[in-house]
Structures are given as C-alpha cells and as structure tokens.
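Here's the structure, in structure tokens; my notes come after.
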Amino acid sequence: MRAITIPKPGDPDALVWAEVPDPVPGEGEVLVEVAASAVNGADVLQRRGFYDPPPGASPYPGLECSGRIVELGSGVAGWAVGDEVCALLSGGGYATRVAVPAGQLLPVPKGVGLVEAAGLPEVVSTVWSNVFQVAHLRPRETLLAHGGSSGIGTMAIQLAKAVGATVAVTAGSAEKLAACRELGADVLIDYREQDFVAALADATEGRGADVILDVVGAKYLDRNLDALAVNGRLVVIGMQGGAKAELNLGKLLAKRAAVAATSLRARPLDEKAAIVASVREHVWPLIESGVVRPVVDRVLPMAEAAEAHRLMESSGHIGKILLAV
C-alpha cells in the first residue's frame, strides 16, 4: 500500500508519499480501504517530532479516516466486508489501508458522503467526551469554545446548540466569526481585537461561561478562570499556548470551579470504544437528521498532505481539511 511517511521530522515537506507494507488486522480488528483521512493538530505535532504515536500504533499520521471494510480479523462481530465506515484511530489514517479496532468503527451516517465522513470521528469524539461526558454541559448553560472556526470548534458549536446551550466563541477574523454565527454561535469574540473575558462578561451580564473548551493551554489558563461562572468547568484539550502556567487556586476555590485536562489518542481501547459507542448513540442521530453536519474547508489529494499541513499551520481554514485517496 502507500502511506504518508515521516522519514525525518521537520517542515511540511518532511511528509513523503511512499510504498509501505500492508497492515494486517489482528484479533478484534478490521482492515479498512481508506477513502479519506483528515488533518488534525496532532498530525502537525507528530510531523515536527513532538508527538510520537502511542506504543503499538501505526507510525503514519492520521487520527481518523473513512472507507470500506475489506477484511475482518478474528473475533469481529457486527461488521461485514463492504461496509462503509469511518473510524477513530491512534494513527495510520494517511494511507490507502489501515487496521482499526472494531470498537472504534462507526457507520457512515445517512446523508453524509464517504469522503466527508472522514472529518467526523476525531472531532465528534473529542467534543462529546469533553464537553458532555467530562464537563456535563446542560441546557441553558453557556459554553465558551476557543478556536470556534476550527474542526473542534465548529462541532462544539453545533452540539452545544443541539442541547439548548448558549455558545460563545473566539476566532481571529470577521470571516471566521461569520462562519461561527452561521452554525449558531450566539456570542462572537475576535481575540485579536477584544479581551475575551470582558467580552464574555458583557454578553452574560457578568456571569461568565459554565463550560470552557480550551485548545490554547498555559497562555489562557488564568484568563479562563476569570471567564468561568460559579461552578464552572474548564476542559483543556490542547497546548497551543504552552504547557506550563501558574494555577490560582484562590480563583478556583472562590468559584467552586473545576479544571480537567484530557487527551484521546493514547487512551486504552475500552475507553475509546465506550466513547465511540456513546457518540453513535447520542450524536449520530443528530447528524442523520441534519441538526449537526460536518464542516469541510476543502479536500486535497492525500499525496498533497504537505500542502494541507501548510494550510493548517497558516490557520487559513474553517472546519476540517480532508485528504482523499
């Protein structure tokens, strides 16, 4: 088969489309012929040499894919050769074939194209597990999603609105904020021009956000605490703004607030399978009914993964960048 390899970490040109050995599905796995994958921030970090795959995972980037099952490993039930699926991966999506634990498979939702479905598993699993399973966002609460026009952000807006929450977002341009508004965002904050704490306070009559989904990390930690409502929950899922910051426990205590930090890629198989099963139960009906949809910026050939990474790093996209085989 062919895959995007990283012979030596570096800039986008470090990504090389090459012939590699075919994967073999192990017990409880299926082999998927890939139709498309999607670009995630973790792929960029892996390319730079800062985010190695977990032990036993494919060495190739790509944390999600869509395609068709071409082979079943032993012990797999409920799936058949020929099924159209999308999948949450620990790696290996940037390839023509990938072996996937059966518990991380999802059927392609009705009404969604096979290529388009590649942009769903990672963002839906991330948003569902963090905003709803960890932070327990409820109707009539307020969610603040940093990076509202990203793949994560565009999904967070839609899912939060679907449960009856108010949504505030930060983004860095009028075009990106307009896209967020079209998806249902109620409070639009240009982080280049506005202080998000003050803007959120103005919009909520000083109350703040019940849940904050943060991809920035250290740079935003103290201001996120300022932006939290009493009994608020901050979930950190990225470190774009650094890994180390001082946590003001006084602010946390005064607001009776909670801070959680999670990652998805290296979780045990049973935890991933439980998240995927919950996504299939709760989110897939919203997608199939048209309440929630994948937001795709563009589709590039997989052999042009370097160009996709340049676009990702320039932040010139809205929603997901897909790579089609």
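The opening residue of the sequence shown carries number 5 in the working numbering; numbering runs sequentially from there.
Glycine included, every Cβ here is placed at the ideal spot set by N, Cα and C.
If you're wondering where the values come from, they're calculated on a predicted model, not measured in any experiment.
Endpoints, the beta strand (DSSP E) within which residue i is located
i, result
"residue 1", "Past the boundaries of the shown model lies residue 1; the chain is included only from 5 to 329, so the question cannot be answered."
"residue 150", "146 to 150"
"residue 39", "33 to 42"
"residue 111", "109 to 111"
"residue 68", "68 to 76"
"residue 302", "300 to 305"
"residue 262", "262 to 265"
"residue 61", "Here residue 61 belongs to no beta strand (DSSP E), and DSSP marks it neither H nor E."
"residue 217", "213 to 218"
"residue 192", "191 to 194"
"residue 197", "Taken as a continuous stretch (DSSP letters only), residue 197 belongs to no beta strand (DSSP E), as it is neither H nor E."
"residue 21", "20 to 23"
"residue 88", "88 to 92"
"residue 173", "170 to 175"
"residue 241", "Run containing residue 241: none; DSSP gives neither H nor E here."
"residue 7", "6 to 9"
Proximity to residue i [Cα-Cα], best of the options
i, options, result
"residue 24", "54, 77, 102 and 59", "102"
"residue 305", "99, 61, 15 and 155", "99"
"residue 267", "249, 242 and 290", "242"
"residue 326", "33, 118 and 132", "118"
"residue 37", "44, 31, 88 and 110", "88"
"residue 41", "303, 319, 323 and 311", "303"
"residue 61", "272, 109 and 137", "272"
"residue 226", "197, 196 and 261", "261"
"residue 247", "236, 259 and 220", "220"
"residue 319", "28, 202 and 45", "45"
"residue 259", "235, 104 and 26", "235"
"residue 6", "13, 250 and 39", "39"
"residue 29", "13, 63 and 104", "104"
"residue 275", "197, 137 and 291", "137"
"residue 26", "14, 13, 84 and 63", "63"
Contacting residues, own chain, Cβ-Cβ under 6 Å from residue i (five flanking each side not counted)
i, result
"residue 321", "301 and 315"
"residue 191", "172 and 207"
"residue 263", "238"
"residue 169", "141, 145 and 147"
"residue 200", "174 and 193"
"residue 310", "16, 17 and 19"
"residue 270", "58"
"residue 49", "55"
"residue 109", "89 and 91"
"residue 307", "21"
"residue 139", "215, 237 and 239"
"residue 277", "107"
Whole-angstrom C-beta distance between residue j and residue i, which should lie under 8 Å
i, j, result
"residue 296", "residue 287", "7 Å"
"residue 194", "residue 204", "Contact flag wrong, Cβ pair sits at about 13 Å."
"residue 51", "residue 65", "7 Å"
"residue 16", "residue 313", "4 Å"
"residue 167", "residue 143", "6 Å"
"residue 279", "residue 177", "Contact flag wrong, Cβ pair sits at about 32 Å."
"residue 34", "residue 75", "7 Å"
"residue 77", "residue 32", "6 Å"
"residue 122", "residue 152", "That belief does not hold up - the Cβ atoms of residue 122 and residue 152 are roughly 22 Å apart, past 8 Å."
"residue 222", "residue 249", "4 Å"
Run of the alpha helix (DSSP H) containing residue i, from where it starts to where it stops
i, result
"residue 125", "125 to 131"
"residue 329", "Careful: residue 329 lies outside any alpha helix (DSSP H) and carries neither H nor E."
"residue 289", "288 to 292"
"residue 166", "155 to 166"
"residue 48", "45 to 52"
"residue 318", "309 to 318"
"residue 201", "200 to 207"
"residue 230", "225 to 231"
"residue 271", "Unbroken run through residue 271: none, as it is neither H nor E."
"residue 186", "178 to 187"
"residue 256", "253 to 258"
Proximal residues to residue i (C-beta, below 7 Å), its chain only, five neighbours per side dropped
i, result
"residue 128", "159, 283 and 287"
"residue 86", "72 and 73"
"residue 323", "155, 158, 299, 300 and 301"
"residue 329", "38, 39, 40, 100 and 306"
Other residues of its chain near residue i: CB distance less than 8 Å, five sequence neighbours each side excluded
i, result
"residue 135", "141, 147, 160, 163, 164, 215, 217 and 239"
"residue 224", "150, 218 and 245"
"residue 11", "18 and 20"
"residue 82", "106"
"residue 114", "292"
"residue 131", "156, 159, 160, 163 and 217"
Chain B within 7 Å of residue i, Cβ atoms only
i, result
"residue 9", "Protein chains in the displayed structure number just one, and chain B is not present."
Problem - the region 65 to 75 contacting the region 90 to 100, beta-carbon criterion three pairs below 8 Å - result: Result yes; three or more Cβ-Cβ pairs closer than 8 Å.
Problem - Cβ pair count under 8 Å reaching 3, the region 206 to 213 against the region 225 to 236 - result: Contact holds: three or more Cβ-Cβ distances are below 8 Å.
Exercise for the section: Decide yes or no for the touch test of the region 245 to 256 against the region 174 to 188: beta carbon pairs closer than 8 Å, at least 3 of them. Expected result: Judged by pairs of C-beta atoms under 8 Å, the region 245 to 256 does not touch the region 174 to 188, as fewer than three such pairs exist.
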